[in-house]
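Numbering (the numbering used here), first residue to last: 24 to 538.
We put the beta carbon where it would ideally sit given N, CA and C, even for glycine.
Predicted model only: the values in this text are computed from it and were never measured.
Please read the structure below before turning to the comments.
What follows is the structure, encoded as structure tokens:
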């Protein structure tokens with residue numbers, strides 16, 4: 024609620040009007056610090072929704088009919104303009120003439136934007152130099168931006184963003200089934216999964232991305248997914264339920280959603296995160312953050328068409344402290360698990376740790392890496408393992424040919440050379456800067472690393488960048504920005520498309536893998 028009172032009769036020298044009930048304007052959420060454009064009598068009030076997953080907006084109150092002496096317009100619903108993701112805290116006026124309390128023809132659906140540092144706070148504008156100063160709390164810097172090239176009339180200097188498609192609140196992670204052209208995407212803040220038709224919405228057909236995708240309900244705080252293409256089953260970890268949701272991909276996909284309800288679940292460990300599948304043995308691996316363990320699930324009778332064994336408990340394999348991510352290499356049957364709190368990767372032999380036998384589930388090696396590892400990916404043809412380290416903005420590079428489940432001769436005893444991937448290195452250490460996945464284009468051997476704090480995606484050439492050749496790891500940043508806080512990525516080779524989940528916007532960025 025916004026209250027309006029007469030400053031002429033309620034001030035330090037005159038308090039005669041301070042006892043009068045103020046007029047009010049309904050703001051629904053949390054109004055922040057306002058700004059006034061005296062030329063148009065518009066009061067711009069940024070509104071904080073309190074939800075990081077929603078787009079912020081600015082109310083535009085007509086000050087000519089809602090002020091200290093005239094309140095006839097205070098009961099009207101103010102015009103509003105949508106802005107960026109999350110709470111909107113601060114507004115500066117560089118006189119707005121077509122987006123105000125009485126004119127909205129210049130209010131774009133989503134306003135053009137300028138990228139700034141992580142966790143932006145107060146701003147200041149110098150009209151003489153047309154300079155905008157924006158503070159970044161996480162980088163301890165002030166960004167100096169040229170507002171003469173990014174304003175209401177001139178947008179050629181504004182930040183360019185990749186096209187997006189809208190999903191749900193708290194977009195998080197993907198699983199792609201190329202056989203059904205279905206991209207499953209989890210929405211953490213509404214406990215749903217969106218179903219994107221990758222044949223309709225991809226880098227070659229962006230017009231198909233402008234639609235509302237079907238959703239279905241899952242467990243509490245859904246996290247990561249994996250697809251078993253042999254059984255056409257999708258397994259989804261529900262982080263706060265300690266379960267896996269088991270989805271039948273034949274009846275829950277982009278062309279048929281009849282089976283997306285009344286889904287089976289199976290219990291795993293405490294706070295499950297990433298999921299991986301060994302299709303050859305029908306084994307599902309799940310890392311459990313608070314148990315320091317990996318669940319080993321038998322998919323034979325716990326899948327999309329047969330859930331008869333989903334009610335049983337599953338064996339657990341010990342790993343490091345706070346496991347975050349895992350990946351499975353089907354070529355040498357090795358599981359790699361990243362452990363955030365002890366800065367290591369556990370290496371497990373999948374030949375002796377699967378649904379048939381768990382005799383060899385103890386890690387055969389523990390590899391030290393960078394600070395806070397929480398993402399991992401493999402270029403299969405090159406047998407190179409890439410580990411994303413959250414807290415130092417780096418990617419460690421491991422030779423999977425000599426560090427795997429059956430050969431540990433090349434497993435490093437000290438952290439291997441790492442590659443700095445952030446566009447702005449001074450964001451290191453803010454604990455939320457590197458994304459939660461590493462996606463690999465297995466055809467082109469391109470490695471994609473979301474950098475959440477920069478709203479960027481970094482690329483590495485997996486042909487040149489490999490263990491022992493880290494000097495050839497030249498980082499390229501996708502030229503156009505992602506949305507708010509990109510956390511995971513997925514590659515669809517059939518359409519040459521990379522999809523990136525923007526956690527704060529409830530959107531998915533879409534761009535061509537051959538950037």
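Whole runs of the beta strand (DSSP E) within the region 178 to 233, excluding any shorter than 3 residues: 187 to 189, 194 to 200, 205 to 210, 215 to 220
Hey, out of 231, 268, 489, 128, whose CA is closest to residue 247's CA? Taking the chain shown and counting its residues from 1, one reaches residue 247 at position 224. Closest option to residue 247, Cα to Cα, is 268.
Take the Cβ of residue 24 as the centre, count every other Cβ of all protein chains shown within 10 Å, and call the residue buried at 16 or more, exposed below. Working through the chain shown from its first residue, we reach residue 24 at position 1. Exposed: under 16 other Cβ atoms inside 10 Å.
Does the structure place the region 175 to 194 close enough to the region 523 to 532 that three or more beta carbon pairs sit under 8 Å? yes
For residue 332, I'd like the list of residues in its chain whose CB is within less than 6 Å of its CB, leaving aside the five on either flank, ordered along the chain. Here residue 332 is taken as the residue at index 309 of the chain shown, counted from 1. Here the set comprises 324, 325.
Would you call the region 370 to 385 and the region 394 to 407 in contact, with 3 or more CB pairs under 8 Å? no
Just to confirm, are residue 348 and residue 361 a CB contact at a threshold of 8 Å? Locating residue 348 in the chain shown gives position 325, counting from the first residue. Locating residue 361 in the chain shown gives position 338, counting from the first residue. Closer than 8 Å, so yes.
By the three-class DSSP mapping on this structure, what secondary structure does residue 476 have? Translated into positions along the chain shown, residue 476 becomes position 453. DSSP places residue 476 in helix when its eight states are reduced to three.
Residue 518 burial status per 10 Å Cβ neighbour count (16 or more: buried): Within the chain shown, numbered from 1, the residue matching residue 518 stands at position 495. Per the 10 Å Cβ criterion, buried.
Just list the residues that DSSP pairs residue 83 with in beta bridges. Numbered from its first residue, the chain shown carries residue 83 at position 60. For residue 83, which the question treats as bridged, DSSP gives the partners 67, 102.
Contact under 8 Å by Cβ, residue 346 with residue 315: Along the chain shown, read from residue 1 onward, the residue named residue 346 stands at position 323. Along the chain shown, read from residue 1 onward, the residue named residue 315 stands at position 292. Cβ atoms of residue 346 and residue 315: closer than 8 Å.
Pick helix, strand or coil for residue 313, following the three-state DSSP scheme. Along the chain shown, one-based indexing puts residue 313 at 290. The answer is coil: DSSP assigns residue 313 none of H, G, I, E or B.
Figure out for me which residue from 199, 238, 427 has the closest Cα to the Cα of residue 217. Working through the chain shown from its first residue, we reach residue 217 at position 194. Of the candidates 199, 238, 427, the one whose C-alpha sits nearest the C-alpha of residue 217 is 238.
How many Å lie between residue 367 and residue 66 at the Cα? Within the chain shown, the letter at position 344 stands for residue 367. Within the chain shown, the letter at position 43 stands for residue 66. Taking the straight line joining both Cα atoms gives about 53 Å.
Buried or exposed: which applies to residue 451, given that a residue is buried once 16 or more other Cβ atoms fall within 10 Å of its Cβ? Your numbering for residue 451 matches position 428 in the chain shown. For residue 451, the predicted model reports a pLDDT of 43, less than 50, meaning its position is unreliable; a value from the coordinates is still stated below. Residue 451 should be labelled buried.
Taking a contact to mean a Cβ-Cβ separation below 8 Å, would you say residue 489 touches residue 407 in this structure? What you label residue 489 is simply residue 466 of the chain shown in a count that begins at 1. What you label residue 407 is simply residue 384 of the chain shown in a count that begins at 1. Their beta carbons are under 8 Å apart, which means residue 489 touches residue 407 by this criterion.
Let me confirm a value: residue 506 is counted as buried when at least 16 other C-beta atoms fall within 10 Å, else exposed. Which label applies? On the chain shown, position 483 is the one that residue 506 refers to. That one is buried.
Helix, strand or coil: how does DSSP classify residue 360 here? The residue labelled residue 360 in the question sits at position 337 within the chain shown. Three-state DSSP puts residue 360 in a strand.
Relative to the C-alpha of residue 207, which residue among 414, 174, 423, 260 is closest? Taking the chain shown and counting its residues from 1, the one referred to as residue 207 is at position 184. For the residues 414, 174, 423, 260, the minimum Cα distance to residue 207 belongs to 260.
Residues in the same chain with beta-carbon distance under 6 Å from residue 225, minus the five sequence neighbours each way, listed in chain order, please. On the chain shown, residue 225 is found 202 positions in, with the first residue counted as 1. These residues qualify, in order along the chain: 518, 520.
Smallest Cα separation from residue 236: which of 252, 188, 435, 312? Numbered from its first residue, the chain shown carries residue 236 at position 213. Among 252, 188, 435, 312, the Cα nearest to that of residue 236 belongs to 188.
Classify residue 419 as buried or exposed, calling it buried when 16 or more other Cβ atoms lie within 10 Å of its own Cβ. Residue 419 sits at position 396 when you count from the first residue of the chain shown. Classification of residue 419: buried, given that the 10 Å Cβ count is 16 or more.
Between the CA atoms of residue 203 and residue 223 - distance to the nearest angstrom: Reading the chain shown from its first residue, position 200 is the one you call residue 223. Reading the chain shown from its first residue, position 180 is the one you call residue 203. The straight-line gap from Cα to Cα measures roughly 12 Å.
Run of the beta strand (DSSP E) containing residue 438, from where it starts to where it stops: Residue 438 sits at position 415 when you count from the first residue of the chain shown. From DSSP, residue 438 is part of no beta strand (DSSP E); its letter is neither H nor E.
Am I right that residue 421 and residue 439 are in contact with their C-beta atoms under 8 Å? What's the rounded C-beta distance? Sequence index remark: in the chain shown, residue 421 carries index 398 (1-based). Sequence index remark: in the chain shown, residue 439 carries index 416 (1-based). Contact flag correct, Cβ pair sits at about 6 Å.
Does the pairing of the region 97 to 105 with the region 31 to 51 give three or more beta-carbon distances under 8 Å? yes
Among 484, 480, 459, 338, the one whose alpha carbon lies nearest that of residue 404: By 1-based counting over the chain shown, the position of residue 404 is 381. If we check each option's Cα against that of residue 404, 484 comes out closest.
From the DSSP secondary-structure annotation, give me the bridge partner or partners of residue 290. In the chain shown, counting from the first residue as 1, residue 290 sits at position 267. In the DSSP output, where bridge partners are listed per residue, residue 290 has 266.
Quick one: residues in its chain with C-beta nearer than 7 Å to the C-beta of residue 437, no 5 flanking neighbours on either side, listed in chain order? For the purposes of this step, residue 437 is taken as residue 414 along the chain shown, with counting starting at 1. Closer than 7 Å at Cβ, skipping near neighbours: 391.
Exposed or buried, what is residue 312 when buried is set at 16 or more other beta-carbons lying within 10 Å of its beta-carbon? In the chain shown, residue 312 corresponds to position 289, counting from 1. It is buried - the Cβ of residue 312 has at least 16 other Cβ atoms within 10 Å.
Would DSSP call residue 493 helix, strand or coil? Mapped onto the chain shown, residue 493 falls at position 470. Helix at residue 493.
The beta strand (DSSP E) with residue 339 in it runs from where to where? Residue numbering aside, residue 339 sits at position 316 when the chain shown is read from its first letter. Element bounds for residue 339: 339 to 341.
What does DSSP give as the partner residues of residue 513 in its beta bridges? Locating residue 513 in the chain shown gives position 490, where the first residue counts as 1. BP columns for residue 513 point to 522.
Going by C-alpha to C-alpha distance, which of 477, 459, 482, 478 sits closest to residue 467? For the purposes of this step, residue 467 is identified with residue 444 of the chain shown, where counting begins at 1. Of the candidates 477, 459, 482, 478, the one whose C-alpha sits nearest the C-alpha of residue 467 is 482.
What does residue 529 pair with, by DSSP beta-bridge criteria? In the chain shown, residue 529 corresponds to position 506, counting from 1. The partner list for residue 529 (beta bridge, DSSP) is empty, contrary to what the question assumes.
Any beta carbon from chain D within less than 8 Å of residue 357's own beta carbon? Among the chains of the structure shown, chain D does not appear; only one protein chain is present.
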